[in-house]
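Read in the numbering used here, the sequence shown has 244 at position 37, and its numbers run on one by one without any break.
We put the beta carbon where it would ideally sit given N, CA and C, even for glycine.
This one's a predicted model, so the numbers in the text were calculated from it and none came from an experiment.
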Amino acid sequence: MNRAKHIAIIMDGNGRWAELQGEKRVKGHEAGAKVVKEITVYCANNEEIERLTLYAFSTENWKRPRIEVEFLMKLLENYLKNELEVYLANNVRFEPIGDICVFSNSLQKMIATVQEKTAHCNGLVQSLALNYGSQDEIVRAVEKLRSAEENITIQSLSYALDCKHNVDLLIRTGGDKRLSNFLLWQTAYAELFFVDTLWPDFKIKELEKIIKKFKKVERRFGGLK
Ligand code: FPP
Numbered sequence: 208m209n210r211a212k213h214i215a216i217i218m219d220g221n222g223r224w225a226e227l228q229g230e231k232r233v234k235g236h237e238a239g240a241k242v243v244k245e246i247t248v249y250c251a252n253n254e255e256i257e258r259l260t261l262y263a264f265s266t267e268n269w270k271r272p273r274i275e276v277e278f279l280m281k282l283l284e285n286y287l288k289n290e291l292e293v294y295l296a297n298n299v300r301f302e303p304i305g306d307i308c309v310f311s312n313s314l315q316k317m318i319a320t321v322q323e324k325t326a327h328c329n330g331l332v333q334s335l336a337l338n339y340g341s342q343d344e345i346v347r348a349v350e351k352l353r354s355a356e357e358n359i360t361i362q363s364l365s366y367a368l369d370c371k372h373n374v375d376l377l378i379r380t381g382g383d384k385r386l387s388n389f390l391l392w393q394t395a396y397a398e399l400f401f402v403d404t405l406w407p408d409f410k411i412k413e414l415e416k417i418i419k420k421f422k423k424v425e426r427r428f429g430g431l432k
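Shown next as structure tokens:
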């Protein structure tokens, strides 16, 4: 049976969820942040899951209205500040991916603080993708190798990426069936699950059902059974 060692999630549908309640889109992000916590704690307490990588803010999300972007920045900062205890209590190591140097000093500081304070945790690794785009990540990795005059091989490039680990199971909530520039390299042989549930409604039960289905899939990695 397959093991879902690395789960990646595109958390889509926050805005629609809020609009369905007659609320502003940002309310959906707030509700979404609560689900991030629930799913992280669940994964931290499931021995088979080693990594959880969540798409929190993409390189393309800057195109959103300024007010929504500002809200997301504040939400991320508060989330990290408030959840540090939860990371520590659940032995979760926080490892951001993405090009975070464009964020405000205070957000960058908060990211660094949570990373440092959880560096000793050896349970689940939770990665938030922050100002992350897979194409940007690959270009930065190639640049790194080029300036170090290293050969470009599958191995060296994988190692130069922000996220160095192949994904086993990728889930996208919100009904769309696309990868939206998320972990394009690392999902080469991932199993993809697209669900209609909007992210704020995504529950542990649904994750458990997906994992159960994933376990039964025949993964061949291009070979024969
Ligand atoms: C997509 O929903 C979601 C995002 C662009 C951001 C994801 C953010 C969160 C889940 C909350 C904050 C995260 C953390 C870690 C605190 P959408 O706005 O595109 O929804 P829509 O497709 O319904 O418009």
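* Would you identify the three-state DSSP class for Arg-353, choosing helix, strand or coil? => helix
* Under the criterion of a Cβ to heavy atom distance below 6 Å, does Val-349 qualify as lining ligand 1? -> no
* Which residues in the same chain have their Cβ closer than 7 Å to the Cβ of Asp-403, if we skip the five residues on either side of it in sequence? -> Gly-382
* Enumerate in chain order the residues of its own chain whose CB-to-CB distance from Arg-379 is below 7 Å, with the five nearest sequence positions on each side excluded. => Ile-217, Asp-219 and Phe-401
* **Environment of Ser-265 [buried if 16+ CB atoms lie within 10 Å]** => buried
* **Nonlocal neighbours in the same chain, by C-beta distance under 8 Å from Asn-221, ignoring five residues either side** => Arg-232, Gly-235, His-236, Ala-238, Gly-239, Leu-405, Trp-406 and Pro-407
* **Residue environment, Tyr-396, which counts as buried when at least 16 other CB atoms sit within 10 Å** => exposed
* CB of Ile-319 within 7 Å of CB of Ile-256, strictly -> Reading the sequence as shown, one finds Ala at residue 319 and not Ile. Not closer than 7 Å, so no.
* **Beta carbon of Gly-330 nearer than 7 Å to that of Ala-251** => yes
* To do: Leaving out five residues on either side along the sequence, give the residues of the same chain with a beta carbon under 6 Å from the beta carbon of Ser-334.
  => Thr-260, Glu-302 and Ile-304
* Check whether the Cβ atoms of Tyr-249 and Ile-418 lie closer than 7 Å to each other. => no
* Put His-327 into one of helix, strand or coil per three-state DSSP. => coil
* To do: May I have the straight-line CA-CA distance separating Glu-292 from Thr-247, to the nearest angstrom?
  => 13 Å
* Could you check the C-alpha separation between Met-317 and Lys-432 for me, to the nearest Å? => 47 Å
* Asked: Applying the criterion that 16 or more other CB atoms from any shown protein chain within 10 Å of the CB defines a buried residue, is Gly-340 buried or exposed?
  -> buried
* To do: Give me whichever residues DSSP pairs with Thr-260 in a beta bridge.
  => Ala-215 and Ser-334
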